[in-house]
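Novice: The letter at position 39 of the sequence shown is residue 39 when you use full-length UniProt numbering, and the numbering goes up by one with no holes.
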Amino acid sequence: PAWDTSVKVMQTWFQQFILLTPIQLLALIPALVCGALAYSSKRKSNDDNEESPQILSRPLQVAGVGERFFEIAQRHQTLITAYWLTLASAKPISEGLVRQALEHLYRKVPPLRKCLRLIDGLLWECEMTTENIDFMLMEDANPKQVFEQLLSESFNSELGPLWRARLIPSEAGSCPIPELQEKYPHNYNLLLSNHHGIADGTSNIKMCNLLNQILNDLVAGHTINDEEQLGEHVDETQGLQILNTIRKKLSENPERVKFLLDDEGIEVPPLIIIAYPPKGEKHPHTKCIPHEMDKETTQKLLKRCKQEGATLHSLFTAAIDGTLVDMALEAGVHENEYRLTINHFVNLRRYYQGDTSHILGCHVCVQKQNTMTPNKWRECIWNLAREIKQDLHSKLDNQGPLEAEVIRQMLMPNDEKAMLNIFEKPLPHTRDYQISNMGDLTRMFSGEGEHIQVVRQVRATTIQHYLEPQSHFLHTFRGKLMYCLNYDSNYLSEDVMVKLVNKLFITLKQIAEGEI
Numbered sequence: 001p002a003w004d005t006s007v008k009v010m011q012t013w014f015q016q017f018i019l020l021t022p023i024q025l026l027a028l029i030p031a032l033v034c035g036a037l038a039y040s041s042k043r044k045s046n047d048d049n050e051e052s053p054q055i056l057s058r059p060l061q062v063a064g065v066g067e068r069f070f071e072i073a074q075r076h077q078t079l080i081t082a083y084w085l086t087l088a089s090a091k092p093i094s095e096g097l098v099r100q101a102l103e104h105l106y107r108k109v110p111p112l113r114k115c116l117r118l119i120d121g122l123l124w125e126c127e128m129t130t131e132n133i134d135f136m137l138m139e140d141a142n143p144k145q146v147f148e149q150l151l152s153e154s155f156n157s158e159l160g161p162l163w164r165a166r167l168i169p170s171e172a173g174s175c176p177i178p179e180l181q182e183k184y185p186h187n188y189n190l191l192l193s194n195h196h197g198i199a200d201g202t203s204n205i206k207m208c209n210l211l212n213q214i215l216n217d218l219v220a221g222h223t224i225n226d227e228e229q230l231g232e233h234v235d236e237t238q239g240l241q242i243l244n245t246i247r248k249k250l251s252e253n254p255e256r257v258k259f260l261l262d263d264e265g266i267e268v269p270p271l272i273i274i275a276y277p278p279k280g281e282k283h284p285h286t287k288c289i290p291h292e293m294d295k296e297t298t299q300k301l302l303k304r305c306k307q308e309g310a311t312l313h314s315l316f317t318a319a320i321d322g323t324l325v326d327m328a329l330e331a332g333v334h335e336n337e338y339r340l341t342i343n344h345f346v347n348l349r350r351y352y353q354g355d356t357s358h359i360l361g362c363h364v365c366v367q368k369q370n371t372m373t374p375n376k377w378r379e380c381i382w383n384l385a386r387e388i389k390q391d392l393h394s395k396l397d398n399q400g401p402l403e404a405e406v407i408r409q410m411l412m413p414n415d416e417k418a419m420l421n422i423f424e425k426p427l428p429h430t431r432d433y434q435i436s437n438m439g440d441l442t443r444m445f446s447g448e449g450e451h452i453q454v455v456r457q458v459r460a461t462t463i464q465h466y467l468e469p470q471s472h473f474l475h476t477f478r479g480k481l482m483y484c485l486n487y488d489s490n491y492l493s494e495d496v497m498v499k500l501v502n503k504l505f506i507t508l509k510q511i512a513e514g515e516i
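Below, the structure is given as structure tokens:
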């Protein structure tokens, strides 16, 4: 009906127009020119609005300390997290299928709908009201290069989204699990990155598991219930309450505070940098060296750890220490014993009350540990591993990471200026490395599926401008030990770090085989 009315109006207008005399037509020219100018001005205004899109989000609450910290960090292209999933599929995976799966993921995972906006001078956590997925199919790209690129790409936090996805096909026959190759001959790399303020390792692994489920359901033709949420984006309120309790206890124990401050005040450059002084790159960034151990060797290693009263984490830490000592000796740095300082990532949920299975967001802290490694460390590797385990577990059981966070806040206030200084004037390296071990991922992420399987999973975080020049990420997945070394190429060269990884895994294999 509306179209019919418009046609009749146009017909009437045209009939009247052709009856006008030449003088009447001349009189219409000024009006036509003004109308054209007005239309041009209106169109330019619309074009300008397209260049500066309206912010489509609703404020939820003022951003917490962690979100503010990670927002400043990601503006400086650091502390961005990335996940590399290797997919094996029974049939070819289309760009449209993955995009559709990511759209469902967006609707089902609250943190993925978040953005951060400045409102009246304060950073606010907001929820996007318009769906926006940053996804690309990259046909001929190198997955490792794209993975490293994602680690250095900041997000437009005001508009969102605060995460990205890239799909890169692999060559046929490249499945890392040979027994799946015949049934799942099509292989892909799915690379994901996110603003660390919206998700930690636990949240991200749960999201990866859900994404695999969605992909399989879509292939099977099942309906996806977008109303059912993966969990709840929980802020840091409970964590701050716990820290306030620890702060009060420490205020009543000045000797403990002095001990912690003195320990934090010890600044020794990382052994690897003493042994191999930095050459410096023109465009430094975080580089990654992924590696994995075969299933048989992994199971032997786990069995030996259990027999020797150690954990995979404590043995891995001792093996890293020993490898660093070997490399220092080769470079001419000779000592009888070497002091190394490590930051262990800790899941803050371990200190929360009640069921934490629904908690999404970023809930991490760190535990510092000092170790002493002799130059003949192979003779006492299991003693070193047991000592690391005992010391670390004691610290965790006695709320050591919480004490460390209180001390950090005493030395480094949670205001904007102090946070900016960390990244604009980088702190000296005071840790040899940091280590993140998520254990066996099977409880959260099996990787299995009838149509699509996740056969490899690698984690990484940008390392520039922080206390450590290198990070070690490990977990077991589908029975294998999977690992990724991240390092700051401004301080450490690729040849040195490749050598470190090779020596480390030779040592671990020797331990698994009982040769050490």
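Just so you know, even glycine gets a beta-carbon here, dropped at the ideal spot from N, CA and C.
What do you get for T507, buried or exposed, if any count of 16 or more other CB atoms within 10 angstroms of its CB means buried?
Specialist: Buried.
Novice: Taking the Cβ atom as the reference point for each residue, do L230 and V109 lie within a distance shorter than 8 Å?
Specialist: Yes, the pair counts as a contact, with Cβ atoms nearer than the cut-off.
Novice: Does the segment 286 to 297 come into contact with the segment 338 to 355, if we say contact requires no fewer than three beta-carbon pairs (one atom in each stretch) closer than 8 Å?
Specialist: Contact between the segment 286 to 297 and the segment 338 to 355 is absent, because fewer than three Cβ pairs lie under 8 Å.
Novice: What's the C-alpha gap between I272 and Q181?
Specialist: Spanning the two alpha carbons is a distance of roughly 40 Å.
Novice: What residue range is occupied by the uninterrupted alpha helix (DSSP H) comprising K306?
Specialist: Where K306 is concerned, the enclosing alpha helix (DSSP H) stretches over 295 to 307.
Novice: Measuring alpha carbon to alpha carbon, tell me which residue in V62, P277, W163 is nearest P111.
Specialist: Checking every option, the nearest Cα to that of P111 belongs to W163.
Novice: Spatial neighbours of E367 within its chain, please: C-beta separation below 8 Å, excluding the five flanking residues on both sides.
Specialist: Here residue 367 turns out to be Gln, not Glu, going by the sequence shown. Contacts found: N343, H344, V346, L392, K395, L396, G400, P401, A404.
Novice: Thinking G514 and T298 are a contact (beta carbons under 8 Å), I'd like their distance in whole angstroms, please.
Specialist: G514 to T298, Cβ: 15 Å. No contact.
Novice: Closest by CA to residue 565, which one among Q100, G447, E379?
Specialist: Only positions 1 to 516 of the chain appear in the structure, and residue 565 is not among them; the question remains open.
Novice: Roughly how many whole angstroms lie between the Cα atoms of D217 and S157?
Specialist: If you take the alpha carbons of D217 and S157, they lie about 31 Å apart.
Novice: Would R117 pass as a contact of V146 if the rule is Cβ separation under 8 Å?
Specialist: Against a cut-off of 8 Å, the Cβ pair of V146 and R117 comes out as no contact.
Novice: With distances taken from CA atoms, which of H451, S436, V455 is nearest N486?
Specialist: Checking every option, the nearest Cα to that of N486 belongs to S436.
Novice: DSSP state of Q399, grouped into three classes?
Specialist: The answer is coil: DSSP assigns Q399 none of H, G, I, E or B.
Novice: Is the Cβ-Cβ distance between F70 and H196 less than 8 Å?
Specialist: For F70 and H196, yes; Cβs fall inside 8 Å.
Novice: Which ranges would you report for the alpha helix (DSSP H) in the segment 312 to 342 if only whole runs of at least 4 residues count?
Specialist: Segments of the alpha helix (DSSP H) lying fully in the segment 312 to 342: 312 to 330.
Novice: Out of L122, H104, S152, H76, state which residue places its alpha-carbon closest to the alpha-carbon of N132.
Specialist: Nearest option by C-alpha distance: H104.
Novice: For a test of the three-state rule: what should DSSP assign to T462, helix, strand or coil?
Specialist: Coil, per DSSP.
Novice: To the nearest angstrom, how far is the alpha carbon of D321 from that of A418?
Specialist: If I take the Cα positions, the gap works out to 32 Å.
Novice: Whose C-beta lies closer than 6 Å to the C-beta of T81 among residues of the same chain, with five residues either side of it excluded?
Specialist: Same-chain partners within the cutoff: N194, H196, T461.
Novice: What ranges does the alpha helix (DSSP H) occupy inside the segment 135 to 176, keeping only unbroken runs of at least 4 residues that lie completely in it?
Specialist: The qualifying runs are 143 to 150.
Novice: Closest by CA to E148, which one among L384, P269, L192, V454?
Specialist: When only C-alpha atoms are compared, the closest one is L192.
Novice: Give the single residue among E308, V364, L492 whose Cα lies nearest to the Cα of N204.
Specialist: Of the candidates E308, V364, L492, the one whose C-alpha sits nearest the C-alpha of N204 is V364.
Novice: Taking 8 Å as the limit between beta carbons, can you name the residues of its chain near K206, skipping five residues before and five after?
Specialist: Result list for K206: L230, G231, L360, M444, F445, in chain order.
Novice: Could you pull the start and end residues of the beta strand (DSSP E) that N370 belongs to?
Specialist: That run of the beta strand (DSSP E) goes 364 to 374.
Novice: What residues in its chain sit with their C-beta under 8 Å from that of L329, if we drop five residues either side in the sequence?
Specialist: Once the five neighbours on either side are set aside, the close Cβ partners of L329 are N375.
Novice: Taking 8 Å as the CB-CB limit, is I272 close to chain B?
Specialist: Reference to chain B is not applicable here, since this structure consists of a single protein chain.
Novice: Between which two residues does the alpha helix (DSSP H) carrying residue 521 extend?
Specialist: Any answer about residue 521 is impossible in this case: the structure gives the chain only from 1 up to 516.
Novice: Between the C-alpha atoms of R247 and N414, what's the straight-line distance to the nearest angstrom?
Specialist: Near 15 Å, if we compare the C-alpha coordinates of N414 and R247.
Novice: R456: buried (16+ other C-beta within 10 angstroms of its C-beta) or exposed?
Specialist: Classification of R456: buried, given that the 10 Å Cβ count is 16 or more.
Novice: Figure out for me which residue from L137, L420, P269, T86 has the closest Cα to the Cα of I96.
Specialist: For the record, residue 96 in the displayed sequence is Gly; it is not Ile. Residue L137 is the option with its Cα nearest to G96.
Novice: Would N187 pass as a contact of A88 if the rule is Cβ separation under 8 Å?
Specialist: Yes. Within cutoff.
Novice: With contact counted as at least three CB pairs below 8 Å, one residue from each stretch, are the segment 424 to 439 and the segment 470 to 478 in contact?
Specialist: At 8 Å Cβ cutoff, the stretches touch.
Novice: Classify A82 as helix, strand or coil using the three-state DSSP reduction.
Specialist: Here A82 sits in strand by DSSP.
Novice: Below 6 Å CB to CB, which residues in the same chain sit around P161 once its five sequence neighbours on both sides are set aside?
Specialist: Excluding residues within five positions, the ones whose Cβ falls inside 6 Å are N132, D134.
Novice: Which first and last residues belong to the alpha helix (DSSP H) in which H104 is found?
Specialist: Taken as a continuous stretch (DSSP letters only), the alpha helix (DSSP H) holding H104 covers 95 to 108.
Novice: Please list, in chain order, all residues of the same chain as V333 whose beta carbon is under 8 Å from its beta carbon, the five residues on each side excluded.
Specialist: Result list for V333: L271, I274, A275, in chain order.
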